[in-house]
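Just below is one structure, and these are the notes that go with it.
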Amino acid sequence: MKGNNLLLIGLRGAGKSTVAHHIAGMLGFTLVDTDEEIERLTGRRIPEIFAAEGEAHFRLLEAVTLLRFEHVCGCVIAVGSGALTIPENVPTIEALGFVVWLEVDPKTA
Numbered sequence: 046m047k048g049n050n051l052l053l054i055g056l057r058g059a060g061k062s063t064v065a066h067h068i069a070g071m072l073g074f075t076l077v078d079t080d081e082e083i084e085r086l087t088g089r090r091i092p093e094i095f096a097a098e099g100e101a102h103f104r105l106l107e108a109v110t111l112l113r114f115e116h117v118c119g120c121v122i123a124v125g126s127g128a129l130t131i132p133e134n135v136p137t138i139e140a141l142g143f144v145v146w147l148e149v150d151p152k153t154a
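Per the working numbering, residue 46 is the first one in the sequence shown, and the count goes up by one each step.
This is the structure:
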């Protein structure tokens, strides 16, 4: 059964975080940005994680962060653009709720 969440996915610069903020306010949902959540949980900025431990480690943190919302409802979740590069994340993302792809012209992003 899908969770009662709204997940925003899209290319980098598509406005996921901005749109998530507005929608969460309109719906009275909790705003979650997976990148911000990773930074909060690790106490480090994403560029620091990439530099110190590499992309593979960051993608693992991203997958674990998504799993933390398995039993949480009422969130608008802005999913980091790289999360979909890991095929194992797709079923998790789909199970968390209704998924919306934000499309933007690459020149605009």
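Quick reminder that beta carbons are idealized off the backbone N, C-alpha and C, glycines included.
Grouping DSSP H, G and I as helix and E and B as strand, with all else coil, what is residue i?
i, result
"ILE83", "helix"
"ILE91", "helix"
"THR110", "helix"
Use the C-beta contact count for residue i: other C-beta atoms within 10 angstroms, 16 or more gives buried, fewer gives exposed.
i, result
"GLU82", "buried"
"GLU93", "exposed"
"CYS120", "buried"
"PHE114", "buried"
"ASN49", "exposed"
With which residues is residue i paired in a DSSP beta bridge?
i, result
"CYS120", "THR75"
"GLY55", "LEU147"
Does the Cβ-Cβ distance between residue i and residue j come in under 8 Å?
i, j, result
"THR79", "GLY125", "yes"
"ILE131", "ALA108", "yes"
Original post:
Counting Cβ pairs, one atom from each stretch, are 3 or more of them under 8 Å apart for the stretch 145-152 and the stretch 52-65?
Top reply: yes
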